[in-house]
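First residue of the sequence shown? That's 0 in the working numbering, and the numbers climb one at a time after it.
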Amino acid sequence: MGRAPSFEEWVAQVPESLKQDPLWDFQVYPKALYFYDLAWEDCEYLLKDPRGRAVAHQLIRSAGSISANIEEGYGRGYGKEYSYFLRVSIGSARETRGWYYRGRRLLPPDVFKHRLSLLDEIIAMLAPNIQRQRQYQRK
Numbered sequence: 000m001g002r003a004p005s006f007e008e009w010v011a012q013v014p015e016s017l018k019q020d021p022l023w024d025f026q027v028y029p030k031a032l033y034f035y036d037l038a039w040e041d042c043e044y045l046l047k048d049p050r051g052r053a054v055a056h057q058l059i060r061s062a063g064s065i066s067a068n069i070e071e072g073y074g075r076g077y078g079k080e081y082s083y084f085l086r087v088s089i090g091s092a093r094e095t096r097g098w099y100y101r102g103r104r105l106l107p108p109d110v111f112k113h114r115l116s117l118l119d120e121i122i123a124m125l126a127p128n129i130q131r132q133r134q135y136q137r138k
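In structure tokens:
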């Protein structure tokens, strides 16, 4: 496992079709996709130890749910329904943070610290959008 790419390096390799989707402009979405790719790599650390296998399965599931719920909610349109999916997404981010904490003994300290920081950023970006979507009124 080599050095993880920076967000900017990662964006440079994302297919243009994804970057041209209007959802890409929702700043938390690319961060959530980037985070999933990092979590995928981090599972390599966890899978080396029998105790880490259960953590890896839960971690990758919850990490994938962050961006998946943003995608599904966006596809449903704006308003209360989208707000629901953003709430599920933030719940998945918090769950993922918990799984990283549980697996911390099997991760390099700098990786653990970076992932928690990135999850905190994702949660902070999602939170105000939940209320904004709840208050959205169709014209």
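Quick reminder that beta carbons are idealized off the backbone N, C-alpha and C, glycines included. Here the structure is a predicted model, which is why all the values come from computation and not from measurement.
Assuming the contact rule is C-beta atoms closer than 8 Å, leucine 46 and alanine 55 should be a hit. Round their C-beta distance to whole Å, please. 5 Å
List the whole-angstrom C-beta distance separating alanine 92 from leucine 125, where the pair is believed to meet the contact cut-off of C-beta under 8 Å. 7 Å
Is the segment 64-74 close to the segment 102-112, with three or more CB pairs under 8 Å? no
Test item: CB-CB of isoleucine 129 and phenylalanine 34 under 8 Å: no
Who are the near neighbours of serine 82 in its chain, counting only those whose CB is closer than 6 Å to its CB and skipping five residues on each side? Ile129, Gln132 and Arg133
Use the C-beta contact count for proline 107: other C-beta atoms within 10 angstroms, 16 or more gives buried, fewer gives exposed. exposed
What span of residues does the alpha helix (DSSP H) with alanine 123 cover, start to end? 108-133
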